[in-house]
Amino acid sequence: MLECMIEPTFDSHGSQRIDSWLWAVRIFKTRTLSASVIKGGHVRVDGEKVKASYKVKIGDEVHIRRHGIDRILVVQGFLATRGPASVARVCYVDNSPEPSPLLRAPVPRRDKGTGRPTKKDRRALDKLRGRSSF
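Reading the sequence shown from the start, the letters are residues 1 to 134 in UniProt numbering.
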């Protein structure tokens, strides 16, 4: 079996584009997807919104909000290309908080034949989920 040829770089003076880094460390499946999430404003580096061309450095803290879950990653290394997950994991430290137990709760279902939820029902569901109704 062939050995893994992809080696991470831990150069403290190096940098890499944020969209490329997120793709290489396997946070997003494609680089296009990572760039669109960044463009949508769901990625922050050290608390500031960035563009896809922003260069991350070792020690930068990357906040990603996706599907209602926050991930906090600290950059530890760079990869030239996407590789196995075992190699990608050494390029960041995951400081993400534990997800809310409400997110793991089963989705409330309405009885069959009761029709669409009323505005009152919708507000009650939003309150249960911890969201604010507009």
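Glycine included, every Cβ here is placed at the ideal spot set by N, Cα and C.
Got a sec: does the ligand ZN put a non-hydrogen atom nearer than 7 Å to the Cβ of residue i?
i: Lys112; result: No copy of the ligand ZN appears in this structure; indeed no ligand is present at all.
For residue i, does the count of other Cβ atoms within 10 angstroms reach 16, so buried, or fall short, so exposed?
i: Ser132; result: exposed
i: Leu2; result: The pLDDT assigned to Leu2 is 45, lower than 50, so where the model puts this residue is not dependable; a value taken from the coordinates is nonetheless given after this. So Leu2 counts as exposed.
i: Ser86; result: exposed
i: Leu22; result: buried
i: Leu96; result: Before going further, note that residue 96 is Ser rather than Leu in the sequence given. Flag for Ser96 reads exposed.
i: Leu79; result: buried
Give a yes or no on whether the C-beta atoms belonging to residue i and residue j are separated by under 8 Å.
i: Tyr54; j: Val75; result: no
i: Ala24; j: Thr81; result: yes
i: Arg26; j: Ala88; result: yes
i: residue 144; j: Leu73; result: For the chain, the structure presents residues 1 to 134; residue 144 sits outside this window and is missing.
i: Asp60; j: Asp70; result: no
i: Pro8; j: Val90; result: yes
i: Ile38; j: Val50; result: yes
i: Arg110; j: Pro117; result: yes
i: Gly83; j: Ile6; result: yes
i: Ile58; j: Ser20; result: no
What did DSSP end up calling residue i once you bin it into helix, strand or coil?
i: Arg123; result: helix
i: Arg109; result: coil
i: Arg44; result: strand
i: Arg82; result: coil
i: Ile18; result: helix
i: Thr9; result: strand
i: Ile69; result: strand
i: Ile38; result: helix
i: Met1; result: Note that Met1 scores 43 on pLDDT, short of 50, meaning its location in the model is unreliable; the coordinates nonetheless yield the value given after this. In this structure, Met1 counts as coil in the three-state DSSP scheme.
i: Val75; result: strand
i: Val93; result: strand
i: Val56; result: strand
Residue i and residue j look like a contact to me (Cβ under 8 Å); what is the Cβ gap, rounded to whole Å?
i: Arg44; j: His63; result: 4 Å
i: Gly77; j: Phe10; result: 5 Å
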